[in-house]
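In the UniProt record's numbering, the protein residues as written are 1 to 62.
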Amino acid sequence: MRDPARQAERLLAIRLRYTINTTLDDRGITTSAAFGAAVGLPAGEAVNLLNRRQWCAGDVAA
Numbered sequence: 001m002r003d004p005a006r007q008a009e010r011l012l013a014i015r016l017r018y019t020i021n022t023t024l025d026d027r028g029i030t031t032s033a034a035f036g037a038a039v040g041l042p043a044g045e046a047v048n049l050l051n052r053r054q055w056c057a058g059d060v061a062a
């Protein structure tokens, strides 16, 4: 049986990732450096966060 809290967090992470990608695309942000600056993280870390298949606990909050 699935944990409802974990499933809800997973769904929230998917929605958040989609929203971030859509917003950045709408603003024309396509490079790693611009992407990192837009989300307030180093470029490599920001790209890894959105490309990660499964987010760790606390990633959604970050």
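For each residue, glycine too, the CB sits at the ideal point set by N, CA and C.
These numbers come from a predicted model, not from an experiment.
Backbone secondary structure at L41 - three-state DSSP: coil
Roughly how many whole angstroms lie between the Cα atoms of A38 and L12? Each residue's alpha carbon lies about 20 angstroms from the other.
Mind checking whether L50 and I20 have CB atoms under 8 angstroms apart? I20 is positioned such that its CB atom lies closer than 8 angstroms to that of L50.
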